[in-house]
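Undergrad: Take a look at this one; I'll ask things after.
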Amino acid sequence: MKMHLINGGVKEIEAASISALEALEELHVAGLERVVAVKINGELKDLSARVDSDVSLEPVFLDSVDGLEIMRHSTSHVMAEAVKELFPGVKVTIGPAIENGFYYDFDYERPFKEEDLPRIEEKMKEIINADLPFERREMTSREAITLFQREGENYKIEIIEDLGEERVSVYTQGSFTDLCRGPHLPSTGKIKAFRLTKTAGAYWRGDEKRPMLSRIYGVAFADPKTLKKHLQKIEEAKKRDHVRLGKELDLFSTHEEIGSGMIVWHPKGCMLRHILEDFEIQEHLRRGYEIVKGPLLLKTELWQRSGHYDNYRENMYFTEIDEQSYGIKPMNCLAHMLIYNSKMRSYRDLPKRYFELGLVHRHERSGVLHGLMRVREFTQDDAHIICTPDQLDGEIKGVLEFVRDVMEIFQFEYELEISTRPEKSIGSEEDWNRATDALKKALDDHHMPYQINEGDGAFYGPKIDVKLRDALEREWQCATIQCDFTMPERFDLSYVDKDGQKHRPVMIHRVILGAVERFIGVLIEHYAGAFPTWLSPVQAILLTVTDRNIPYGEKVLKSLKEGGIRADGDFRNEKLGLKVREAQLQKIPYMLIIGDKEQEQKGLTPRLRTGENLPFMTEKDFIDLIHEELRQRR
RNA sequence: GCCACCGUAGCUCAGUCGGUAGAGCACCUCACUCGUAAUGAGGAUGUCUGCGGUUCGAUUCCGCACGGUGGCUCCA
């Protein structure tokens with residue numbers, strides 16, 4: 006038979022069938038000890054897989070993307086074996102490889118705790134040191150069910166039954182056999198670096214009505230050095246945590262006595278919000294939006310009419326005024342529709358683009374709250390575009406471009422998803438398809454790649470979601486563009502077309518930043534608190550060298566403020582070194598040194614937070630410098 | 001909401017195997033008037049998150065509540 010090595014030689018051998026490992030040896034693959042699997046005709050296989058016809062082979066090295074995933078998956082099997090040895094009676098469920106590591110979900114008489122992890126790690130090391138081979142076996146589903154019945158592994162049986170395959174494969178290493186598609190490492194000794202990181206509860210099959218299992222997470226890398234680097238990176242990322250920086254930079258706080266999910270904005274944080282909101286207003290006006298504002302409380306009857314009462318009630322707060330039930334708005338759309346309906350609309354008026362920095366309240370379940378990222382009271386940069394069906398595509402494109410431009414200003418990388426119809430929803434199948442297609446088309450036309458998120462749409466329509474990542478690489482939904490054919494129907498929105506007849510407009514719900522709170526959370530982590538000048542709550546701080554520089558410092562401060570600079574002064578009787586240090590820790594872009602030299606020559610000496618000094622300059626030059634940065638949004 | 005962990009001075013944290021607590025920074029006072037990441041000396045600071053229970057005695061053990069963190073589910 007003839008074997009072809011990808012990016013290598015061709016070799017013909019006599020034998021009719023050999024293992025992939027033997028084949029790679031025949032082909033003199035370098036670094037064979039680091040090979041953990043093989044691609045046979047492009048398909049990932051175990052090294053023990055048989056090679057018995059003319060094939061192309063490609064070794065998979067431990068430190069490749071595929072190699073790491075295989076190793077991480079194998080590590081989860083090793084963990085399952087360790088847990089089964091240490092905790093008799095435990096049942097295994099699923100244990101996949103994930104980004105940087107793996108997890109395994111167990112069903113045990115009690116949940117696992119952090120303190121169980123060292124013991125499990127020890128046991129895993131024993132298994133790894135024993136260098137046990139992973140052995141693959143194929144069998145019929147019936148045989149596999151019998152096998153797992155003997156082991157009392159009813160979750161595995163459920164998986165096999167749901168698979169509905171004729172044959173399945175199982176892998177055994179040491180005392181542990183698991184249902185698994187594979188491939189796996191040749192043996193446990195190939196695992197070079199792992200760490201169990203945390204425990205967590207997780208519902209069986211992600212369904213909160215089913216049992217809560219006990220999940221153990223781990224990370225695993227090709228070598229101890231990379232593992233250490235990864236753990237250090239996480240420690241570094243924690244220094245960028247927005248809750249921590251929010252406190253250090255005096256931006257916001259939360260209070261037990263106020264309640265969960267409510268943010269208190271301090272002067273600097275509030276300034277940051279104000280800058281963003283002001284930016285948003287300018288950008289919206291520029292793009293043909295009109296600013297509107299609706300009330301916080303609206304009668305419950307109206308929420309019934311919109312469908313929110315049936316579909317979103319558990320997230321809403323209600324109250325009673327004069328024996329009349331009211332709901333606090335969780336979304337801003339209702340008032341916008343009433344504005345539209347306040348008079349007759351012609352096709353000539355469309356599209357209407359109503360923009361509101363809308364304060365909403367949502368009763369988020371206590372366990373999901375998280376710093377600024379997930380709160381119960383937040384402000385959306387919300388808009389509703391009401392347009393003719395013909396205008397829909399163009400409007401979606403316009404919003405997409407808006408999102409793209411804004412993300413570029415902040416230099417965010419983002420991921421796009423389309424979410425389709427959820428179970429709990431209103432509207433006809435036809436409208437849903439039409440709306441979903443419009444969203445897809447807009448993304449395709451812009452050549453923007455996206456994922457499909459089945460069943461994750463809003464109850465009234467499908468949506469495009471834009472996701473940003475925080476310091477720990479967790480994804481947060483920010484911008485969203487949602488198509489809606491239903492609300493216009495329910496509120497009987499109409500416009501008079503050229504034909505003199507009333508027609509039904511379409512509505513787009515959309516946000517760009519999403520929630521101002523969440524966006525600021527992501528923004529803090531993105532810049533690690535060192536905001537560009539245009540966003541910095543304090544752009545420059547004056548640092549006097551001695552007390553005799555104070556009067557001059559005050560004069561400079563006054564003219565900088567009059568020049569539109571967000572300036573502050575540190576006129577304390579302290580050493581310059583201390584003032585520099587504190588301004589540095591506050592991550593203020595410019596420290597302006599005011600000493601005798603500056604006083605005599607009538608100017609200032611800026612020090613950047615990078616440590617670099619700019620040459621001595623006049624107040625006016627400095628003001629111009631800042632304004633140039635503002636213009637460029639830097 | 002579910003699972004795990006956590007809550008000690010304004011902040012970061014130590015401590016008490018049950019006998020009512022400490023450090024650094026910050027704060028206040030005094031001296032120093034100083035040129036690019038911490039000047040020195042002195043001082044004050046706590047219902048040990050809250051409410052119950054066990055106990056002669058609880059910050060420490062137990063339960064509940066409140067708040068936070070990491071996940072699951074849900075979501076901007």
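Residue numbers are given in our numbering: position 298 of the first sequence equals residue 303, and the series is strictly consecutive.
In this text, a Cβ means the ideal position worked out from N, Cα and C, and glycines have one as well.
If you're wondering where the values come from, they're calculated on a predicted model, not measured in any experiment.
Is it a yes or a no for the segment 543–561 touching the segment 507–514, going by three-plus beta-carbon pairs under 8 Å?
TA: These segments do not touch.
Undergrad: Mind the definition here: the segment 491–510 touches the segment 212–222 only if three or more C-beta pairs lie below 8 Å; say whether that holds.
TA: Flag = no, the segment 491–510 and the segment 212–222 do not touch.
Undergrad: Please classify M8: is it buried, with 16 or more other beta-carbons within 10 angstroms of its beta-carbon, or exposed?
TA: Flag for M8 reads buried.
Undergrad: What are the boundary residues of the alpha helix (DSSP H) that includes P229?
TA: Taken as a continuous stretch (DSSP letters only), the alpha helix (DSSP H) holding P229 covers P229 to K244.
Undergrad: Determine the DSSP secondary structure at R612, reduced to helix, strand or coil.
TA: Strand at R612.
Undergrad: How long is the line joining the alpha carbons of P93 and S81, rounded to whole angstroms?
TA: When rounded, the distance between both Cα atoms is 18 Å.
Undergrad: Would you tell me roughly how many angstroms separate the C-alpha atoms of G608 and M378, rounded to the nearest one?
TA: Straight-line Cα distance between these residues: approximately 43 Å.
Undergrad: Would you kindly work out how many angstroms separate the C-alpha atoms of A388 and R577, rounded to a whole number?
TA: Rounded to whole angstroms, A388 to R577 spans 47 Å at the Cα level.
Undergrad: Using only alpha-carbon positions, find the residue among S53, L37, E148 and K161 that is nearest to V95.
TA: Taking only the C-alpha atoms, the option nearest V95 is K161.
Undergrad: Is the Cβ-Cβ distance between D57 and A25 less than 8 Å?
TA: No. Outside cutoff.
Undergrad: May I have the straight-line CA-CA distance separating L635 from D629, to the nearest angstrom?
TA: Straight-line Cα distance between these residues: approximately 10 Å.
Undergrad: Does DSSP put S146 in a helix, a strand or coil?
TA: Three-state DSSP puts S146 in a helix.
Undergrad: Taking DSSP as the reference, what is the three-state secondary structure of R291?
TA: Here R291 sits in helix by DSSP.
Undergrad: Enumerate in chain order the residues of its own chain whose CB-to-CB distance from W481 is below 7 Å, with the five nearest sequence positions on each side excluded.
TA: Contacts found: M378, K472, L473, D475, R523 and V527.
Undergrad: DSSP state of F199, grouped into three classes?
TA: The answer is strand: DSSP assigns F199 an E or B state.
Undergrad: Taking only the alpha-carbon atoms, compute the straight-line gap between Y314 and T384 and give it to the nearest angstrom.
TA: C-alpha separation (whole angstroms): 21 Å.
Undergrad: Residues bridged to D112 by DSSP?
TA: Partner(s): K96.
Undergrad: Compare the beta carbon distance of A198 and A225 with 8 Å and say whether it is the shorter of the two.
TA: Yes, the Cβ-Cβ distance between A198 and A225 is below 8 Å.
Undergrad: Taking all protein chains shown into account, do 16 or more other C-beta atoms lie within 10 angstroms of the C-beta of V65, making it buried, or fewer, making it exposed?
TA: Its Cβ being crowded by 16 or more others within 10 Å, V65 is buried.
Undergrad: Starting from the C-beta of C185, find all residues in its chain whose C-beta is less than 7 Å away, skip the five residues before and the five after it, and write them out in chain order.
TA: S174, V175 and Y176, listed in sequence order.
Undergrad: So, for K503: in the same chain, excluding its five sequence neighbours on each side, which residues have a beta-carbon less than 8 Å away from its beta-carbon?
TA: Counting only Cβ-Cβ distances below 8 Å, and skipping sequence neighbours, we find Y352.
Undergrad: Starting from I268, trace the beta strand (DSSP E) both ways and give me its first and last residue.
TA: Counting along the chain, I268 falls outside any beta strand (DSSP E), and DSSP gives it neither H nor E.
Undergrad: Going by the beta-carbon positions, is the gap between S430 and N458 smaller than 8 Å?
TA: No. Outside cutoff.
Undergrad: Answer with buried or exposed for N337, where buried requires no fewer than 16 other C-beta atoms within 10 angstroms of its C-beta.
TA: With 16 or more other Cβ atoms within 10 Å, it is buried.
Undergrad: How many whole angstroms separate the CB atoms of L32 and L49, which I take to be in contact at a CB cut-off of 8 Å?
TA: In fact, because the Cβ distance is near 18 Å, the residues do not count as touching under 8 Å.
Undergrad: What is the residue span of the beta strand (DSSP E) that S330 lies within?
TA: Unbroken beta strand (DSSP E) run through S330: Q329 to I333.
Undergrad: Thinking C-beta only, is L137 closer than 8 Å to E193?
TA: One detail in the question is off: residue 193 reads as Thr in this sequence, not Glu. Yes; because the gap between Cβ atoms is below 8 Å, this pair is in contact.
Undergrad: Excluding the five sequence neighbours on either side, which residues of its own chain have a C-beta within less than 6 Å of the C-beta of F360, listed in chain order?
TA: Once the five neighbours on either side are set aside, the close Cβ partners of F360 are H289, Y294, I296 and A388.
Undergrad: Run through the DSSP bridge pairs and tell me what C338 is partnered with.
TA: Beta-bridge pairing links C338 to no other residue.
Undergrad: How many angstroms separate the CA atom of D112 from the CA atom of I164?
TA: Their backbone Cα atoms lie some 15 Å apart in a straight line.
Undergrad: Only counting runs of 4 or more residues, tell me where the alpha helix (DSSP H) segments fall wholly within the segment 126–182, in order along the chain.
TA: The qualifying runs are 146–156 and 159–168.
Undergrad: How is the alpha helix (DSSP H) around F536 delimited, first residue to last?
TA: First-last for F536: undefined, no H or E at that position.
Undergrad: Kindly indicate which residue of L256, L73 and E126 has the alpha-carbon position closest to the one of A642.
TA: The chain is shown only over 6 to 639; residue 642 falls outside these bounds and no answer can be derived.
Undergrad: Given this structure, state the Cα-to-Cα distance separating L52 from G72, to the nearest angstrom.
TA: Distance between the alpha carbons of L52 and G72: 12 Å.
Undergrad: Given 8 Å as the limit, is there contact between the segment 228–237 and the segment 195–209, that is, 3 or more CB pairs closer than that?
TA: Cβ pair count under 8 Å is three or more, so yes.
Undergrad: Check D601 in the structure and name its three-state DSSP category.
TA: D601 falls in the helix class under three-state DSSP.
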